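Here's the structure, in structure tokens; my notes come after.
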Amino acid sequence: MVRVSRRAFATAALAALATVPQASAAPGRRTVPGAAVGEMRGMWVATVTNRDWPSRPGLSAAEQRAELVAHLDAAVRARLNTVILQVRPTADALWPSPHEPWSQYLTGTQGRHPGWDPLGTAVAEAHARGLHLHAWFNPYRVALHADPARLTASHPARRNPDWVVTYGGKLYYNPGLPEVRAFVREAMLDAVRRYPVDAVHFDDYFYPYPVAGQTFDDDLAHDTHGGAFPDRAAWRRDNVDRLVRETAAGIRAIRPGTRFGISPFGVWRNAGTDPLGSDTRASVQTYDDLHADTRTWARENWIDYICPQLYWNIGFAAADYAALLPWWAEVVHGSGTLLYAGEALYKAGDRAQPAPWRDPAELSRHLTLAERYPQVRGHVFFAGREVTADPIGAMTRVVADHYRQPVKPPR
0 MVRVSRRAFA TAALAALATV PQASAAPGRR TVPGAAVGEM RGMWVATVTN
50 RDWPSRPGLS AAEQRAELVA HLDAAVRARL NTVILQVRPT ADALWPSPHE
100 PWSQYLTGTQ GRHPGWDPLG TAVAEAHARG LHLHAWFNPY RVALHADPAR
150 LTASHPARRN PDWVVTYGGK LYYNPGLPEV RAFVREAMLD AVRRYPVDAV
200 HFDDYFYPYP VAGQTFDDDL AHDTHGGAFP DRAAWRRDNV DRLVRETAAG
250 IRAIRPGTRF GISPFGVWRN AGTDPLGSDT RASVQTYDDL HADTRTWARE
300 NWIDYICPQL YWNIGFAAAD YAALLPWWAE VVHGSGTLLY AGEALYKAGD
350 RAQPAPWRDP AELSRHLTLA ERYPQVRGHV FFAGREVTAD PIGAMTRVVA
400 DHYRQPVKPP R
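If you want it as structure tokens, here you go:
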């Protein structure tokens, strides 16, 4: 990994941001594209903790490549058209990044070269099969543990310890620091410069999910940068808004035509909290708990697509799929933002889940319901391992009922 001094990087990155529109200024809407054609049929492939791929760290380059290609082939067999590959799971990289170390999930040792270029190979192999490849990044998660000494010695989080907050037994970059936002943005956009990815994709993690009895310690950053805001929550939302707007602008500048999508937790706010919210009683609300104003991002076209994680069955009392889907359809109505539904394939057959998930037809019913709402332009399934294994035949049922012929993704 190329070493970048903190001062040199911060100076260069902050200078670059001077040319990027700021989210707190009166935000102009993104250019609304013409009517999109096609249908999203996607699957996520998670690399964090070796969830989907590679099956374990330390496989040879040939074994890793073979497993990756097998996931792409499984997508083709299921008549999917898009793979969303996690390429920055924990402030690391699945490509030769000049900013961050190679991911430990490849070799078992953070910073060790795996002997090949996973992202470059994924893009080429996906395109050879007619699949789109979306590069999936987690912006702020540094480690799933709380010990900076376990990071590789040259890791930016070790070289800049004041960038890092320990919370819930994990390490996170602090979204309230402009130099952090500049760094993570440039680290992610490096992949866009290098590869013809079809989209940049963020998951649901911005500020971390709440942990009872713990406080995310951003006091100093708030004291330094939060004076213009009525409260800390508004300042935190602005920090996340800025990352979204600045990333979108960077993508457009580097590789026009590459899309930008986000897959947030499925509940923006409950109606009991906000009359604009959904008819839900979820214990987490992205606006309040993750400081992610996902509704505004979609309505104002700050992103090209939104894929809320609607990971509940039809009829689930606290967060009914049948209530959330039309709510999101109304959110994007009249905007230029495409709506895809994130589907919990991983729950199918899991006996720890509510009874509807033991019915192989549950997910197919989701797609049938979505046919009533023209704003829903497709579905993305979590995740690759279940697409391949399909333990109770839920994916097979979706294919038989809804995916009888291949289609191209929306453009």
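Residue numbers (numbering that gives the first Met the number 0): 0 to 410.
Glycine included, each C-beta is placed from N, C-alpha and C at the ideal position.
Here the structure is a predicted model, which is why all the values come from computation and not from measurement.
Do residue j and residue i count as a contact pair if the criterion is CB distance below 9 Å?
i: residue 368; j: residue 320; result: yes
i: residue 340; j: residue 396; result: no
i: residue 315; j: residue 344; result: no
i: residue 253; j: residue 191; result: yes
i: residue 174; j: residue 205; result: yes
i: residue 125; j: residue 176; result: no
i: residue 281; j: residue 265; result: yes
i: residue 278; j: residue 322; result: yes
i: residue 106; j: residue 56; result: yes
i: residue 51; j: residue 383; result: yes
i: residue 207; j: residue 251; result: no
Quick check on residue i: buried or exposed, where buried means 16 or more other Cβ atoms within 10 Å of its Cβ?
i: residue 307; result: buried
i: residue 245; result: buried
i: residue 170; result: buried
i: residue 161; result: exposed
i: residue 303; result: buried
i: residue 237; result: buried
i: residue 262; result: buried
i: residue 242; result: buried
i: residue 370; result: exposed
i: residue 362; result: buried
i: residue 210; result: exposed
i: residue 354; result: exposed
i: residue 27; result: Any reading at residue 27 must be qualified, since the residue scores a pLDDT of 37, below 50, and its modelled position is unreliable; no value is offered.
i: residue 36; result: exposed
i: residue 225; result: buried
i: residue 143; result: exposed
i: residue 103; result: buried
i: residue 467; result: Missing from the structure shown is residue 467; the chain here goes from 0 to 410 and no further.
CB-CB under 6 Å to residue i, same chain, minus the five flanking residues each way: which ones, in chain order?
i: residue 58; result: none
i: residue 274; result: none
i: residue 73; result: 386 and 387
i: residue 75; result: 128
May I ask you to check if the CB of residue i is nearer than 8 Å to at least one heavy atom of the ligand NAP?
i: residue 272; result: The model on display carries no ligand, and the ligand NAP is accordingly not part of it.
Does residue i get closer than 9 Å to chain D when you measure Cβ to Cβ?
i: residue 90; result: No chain D is present in this structure, which holds just one protein chain.
Tell me which same chain residues have a C-beta within less than 7 Å of the C-beta of residue i, skipping the five on either side of it?
i: residue 81; result: 39, 40, 41, 130, 131, 133 and 408
i: residue 328; result: 338, 372, 374 and 375
i: residue 276; result: 267, 268, 269 and 270
i: residue 118; result: 86, 93, 94, 134, 190 and 194
i: residue 79; result: 40, 41 and 42
i: residue 202; result: 135, 137 and 262
i: residue 111; result: 101
For residue i, I'd like the list of residues in its chain whose CB is within less than 8 Å of its CB, leaving aside the five on either flank, ordered along the chain.
i: residue 334; result: 31, 297, 298, 299 and 300
i: residue 120; result: 64 and 67
message: For the stretch 208 to 220 against the stretch 152 to 166, do three or more pairs of beta-carbon atoms, one drawn from each stretch, fall closer than 8 Å, so that the two count as touching?
response: Touching, yes, given that three or more Cβ pairs across the two stretches are closer than 8 Å.
- request: Assess, as a yes-or-no matter, whether the stretch 152 to 159 is touched by the stretch 48 to 66 under the definition of 3 or more beta carbon pairs within less than 8 Å.
  value: Segments in contact, no.
- request: Evaluate the contact criterion for the stretch 278 to 293 versus the stretch 177 to 190: three or more CB pairs, one atom per stretch, below 8 Å.
  value: The stretch 278 to 293, when compared against the stretch 177 to 190, does not touch it at the 8 Å Cβ threshold.
message: To test your reading of the DSSP string, which unbroken beta strand (DSSP E) runs of 3 or more residues are found completely within the stretch 288 to 365?
response: Here the runs fully enclosed are 337 to 342.
task: Answer yes if the stretch 92 to 108 comes into contact with the stretch 385 to 394, meaning at least three C-beta pairs across the two stretches below 8 Å, and no otherwise.
output: These segments do not touch.
Unbroken stretches of the alpha helix (DSSP H), 4 residues or longer, contained in the stretch 58 to 121: As summarised for the stretch 58 to 121, the continuous alpha helix (DSSP H) elements at least 4 residues long and confined to that stretch are 60 to 76 and 103 to 106, given in chain order.
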